[in-house]
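Below is one structure; the comments refer to it alone.
Numbering (this note's numbering), first residue to last: 554 to 667.
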């Protein structure tokens, strides 16, 4: 891959990642009035230009979360609507274990932790 094509791919990957973040900020746990991104539930967002796959690792606030299926499907549908990726590889992970320190300052403020 030429240096010019590599930079285009890096720029495209960055733009797609930013669009994915914006979409993730529209997904809410129905029990918590803060989006999954600001809650710190998104651990990884990577776009691979070679296969045009958006790879996302996420967790839940608790392994037994009753809204898990709803949240995962909402995340999947929102990420599939992002222009650019041909596919989404969404993985649910529980390492590291989520804790309140992973929330953004805005989320902590919204939930009264600050």
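Built from N, CA and C at the ideal position, the CB exists for glycine as well.
Bear in mind the structure is a predicted one, so any value in this text is a computation, not a measurement.
Tell me which residues share the same chain as residue 570 and place their Cβ nearer than 7 Å to its Cβ, disregarding the 5 neighbours each side in the sequence. Here residue 570 refers to the residue found at position 17 of the chain shown. Closer than 7 Å at Cβ, skipping near neighbours: 598, 600.
Starting from the C-beta of residue 584, find all residues in its chain whose C-beta is less than 7 Å away, skip the five residues before and the five after it, and write them out in chain order. The residue given as residue 584 occupies position 31 in the chain shown. The residues 620, in chain order, have a CB closer than 7 Å to that of residue 584 in the same chain once the five nearest residues on each side in sequence are set aside.
Quick check on DSSP: helix, strand or coil for residue 656? Position 103 of the chain shown, counted from the start, is the residue given in the question as residue 656. Coil.
Give the straight-line distance between the Cα atoms of residue 667 and residue 660, rounded to the nearest whole angstrom. Counting from one through the chain shown, the residue named residue 667 turns up at place 114. Counting from one through the chain shown, the residue named residue 660 turns up at place 107. Spanning the two alpha carbons is a distance of roughly 9 Å.
Taking only three categories from DSSP, how would you classify residue 613? Translated into positions along the chain shown, residue 613 becomes position 60. Of the three classes helix, strand and coil, the one that applies to residue 613 here is coil, per DSSP.
Just to confirm, is the Cβ distance from residue 587 to residue 664 under 8 Å? The residue you call residue 587 lines up with position 34 of the chain shown. The residue you call residue 664 lines up with position 111 of the chain shown. Their beta carbons are under 8 Å apart, which means residue 587 touches residue 664 by this criterion.
Opposite residue 640 in the DSSP bridges: which residues? As a first step, residue 640 must be located in the chain shown, where it is residue number 87. Partner(s): 606.
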